[in-house]
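Scroll down for the structure; my scribbles are underneath it.
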Amino acid sequence: MMRYLGSIPLLRWLVLVAVVGSCVGCSAKGSSYVGRWECSSGGGDFLEIKANNGALLVTDEDATYPASLDDKGTLIVSVPLMGSLPLPIDSQSRELISSAGSCKRFNKVASSSSEKIPSKASSPPATADDEGATRGKLSSIRSALSIYYGDKDGKNPSNLKQLAEGGKYLDSIPKTKTGHHPESDAVYSACDTSQLSDKGGWAYCGDPTNKNWGAVWADCAHKDSKGVPWYER
Ligand SMILES: [Zn+2]
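Using the working numbering, the letters of the sequence shown correspond one by one to residues 42 to 274.
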């Protein structure tokens with residue numbers, strides 16, 4: 042429903058989640074929202090609503106939005122550029138009503154949010170070999186960074202891609218394959234693992250004023266098959 046907002050970086054969402062914060066009194070009233078909703082008139086539009094640490098999250102096919110309940114128990118979803126969008130439930134039909142997007146009414150089809158959300162971007166499962174290769178690529182980036190650091194008298198590149206310029210430190214930025222995101226050589230900016238975009242690819246701190254200047258992580262907050270979050274690798 043909010044397709045045109047799809048390009049907003051996840052980082053902003055995380056900031057918004059932090060601003061919206063936990064939702065007081067979510068538990069009982071919020072549970073009527075939790076689950077999967079599909080457009081009553083067909084067309085395949087859906088909303089997935091989850092409770093997460095006292096906050097509510099609304100996911101459509103494009104993105105996840107923070108939400109909270111107002112004092113009447115109506116779910117209010119926060120959409121950047123659009124503001125607050127109430128999603129009341131019709132007390133007669135039990136449909137969820139949205140004033141935004143092409144679908145105005147949604148029917149709840151599942152109470153559990155465990156059902157997999159269809160995704161346009163495929164995330165092929167990562168084998169143990171893939172995981173090992175990704176960890177190896179991470180350590181080769183870190184090695185290249187330390188060589189760069191030595192060459193440049195204690196300076197890190199402002200952008201990770203500088204390592205691959207002219208093929209001097211790396212032939213190219215390698216691709217991650219974590220099994221949770223499409224393979225990616227994208228580099229996102231982060232100076233702390235709490236700032237990860239969790240899109241796959243890499244996260245790099247190019248800020249010389251930050252204590253983590255020169256740090257690089259796999260940009261993934263998911264766990265690998267050994268149960269370790271990728272960003273701890
Ligand atoms: Zn991830």
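Just so you know, even glycine gets a beta-carbon here, dropped at the ideal spot from N, CA and C.
Provide the residue span of the beta strand (DSSP E) that contains residue i, from first to last.
i      : result
Tyr245 : Trp243 to Tyr245
Ala148 : Here the sequence assigns Asn to residue 148, which means Ala is not the residue at that position. It spans Arg146 to Ala151 - the beta strand (DSSP E) in which Asn148 sits, taken as one unbroken run.
Trp78  : Gly76 to Cys80
Ile90  : Phe87 to Asn93
Leu128 : Gly124 to Leu128
For residue i, which of the options has the nearest alpha-carbon?
i      : options                           : result
Asp233 : Gly247, Gly241, Pro223 and Pro215 : Gly247
Ser143 : Gln133, Ser164, Ser81 and His222  : Ser81
Ile182 : Val228, Ile117, Ala262 and Lys193 : Val228
Tyr190 : Ala256, Gly242 and Thr115         : Ala256
Lys267 : Ser140, Arg176 and Ile138         : Arg176
Pro215 : Ser134, Pro121 and Asp260         : Asp260
Gly241 : Pro198, Ala167 and Ser125         : Ala167
Pro249 : Arg146, Ala231, Asp265 and Trp243 : Ala231
Asp171 : Lys91, His221, Pro107 and Gly85   : His221
Gly83  : Asp103, Ala108, Gly71 and Val150  : Val150
Val269 : Gly173, Ser213, Lys178 and Gln203 : Gly173
Leu97  : Gly114, Asp226, Asp103 and Gly85  : Gly114
Asp131 : Gln203, Met123 and Phe147         : Phe147
Glu206 : Pro223, Ser225 and Ala185         : Ala185
Asp103 : Asp192, Asp86, Asn94 and Leu211   : Asp86
Gly338 : Ser152, Ala108 and Met123         : Outside the displayed span of the chain (42 to 274) sits residue 338, for which this structure offers no information.
Met123 : Ala141, Arg135 and Asp194         : Ala141
Arg135 : Ser73, Lys193, Leu211 and Tyr210  : Ser73
Can you tell me the Cβ-Cβ gap for residue i and residue j, rounded? I've got them flagged as a contact below 8 Å.
i      : j      : result
Leu88  : Val99  : 6 Å
Trp78  : Leu137 : 5 Å
Thr219 : His263 : 6 Å
Leu128 : Val118 : 6 Å
Asn200 : Trp254 : Between Trp254 and Asn200 the Cβ distance is about 13 Å, and since that is not below 8 Å, they are no contact.
Ala244 : Ser238 : 7 Å
Leu126 : Arg274 : 38 Å between Cβ atoms; not a contact.
Pro223 : Ser139 : The pair is not a contact, with the Cβ atoms about 29 Å apart (cut-off 8 Å).
Trp258 : Asp265 : Actually they are not in contact, since the Cβ atoms of Trp258 and Asp265 sit about 13 Å apart, beyond 8 Å.
Going by DSSP, which residues form a beta bridge with residue i?
i      : result
Trp258 : Ala244
Tyr210 : None; Tyr210 has no bridge partner.
Thr105 : Thr100
Leu110 : Leu116
Val228 : Trp243
Lys264 : Pro270
Leu137 : Ile130 and Phe147
Thr217 : Ser225
Just curious, the alpha helix (DSSP H) that residue i is in, first and last residue?
i      : result
Tyr190 : Ala169 to Asp192
Shorter than 7 Å, the distance from the beta carbon of residue i to the closest heavy atom of ligand 3, or not?
i     : result
Leu98 : This structure lacks ligand 3; the ligands present are ligand 1.
Can you find a C-beta in chain B that's less than 8 Å from the C-beta of residue i?
i      : result
Gly247 : Looking at the structure shown, chain B is missing, and only one protein chain is on hand.
(request) Please list, following the chain, all residues that have a C-beta closer than 7 Å to any non-hydrogen atom of ligand 1. (result) Going by the Cβ distance cut-off, the answer is Thr219, His221, His222, Asp239, Gly241, Cys261, Ala262, His263 and Trp271.
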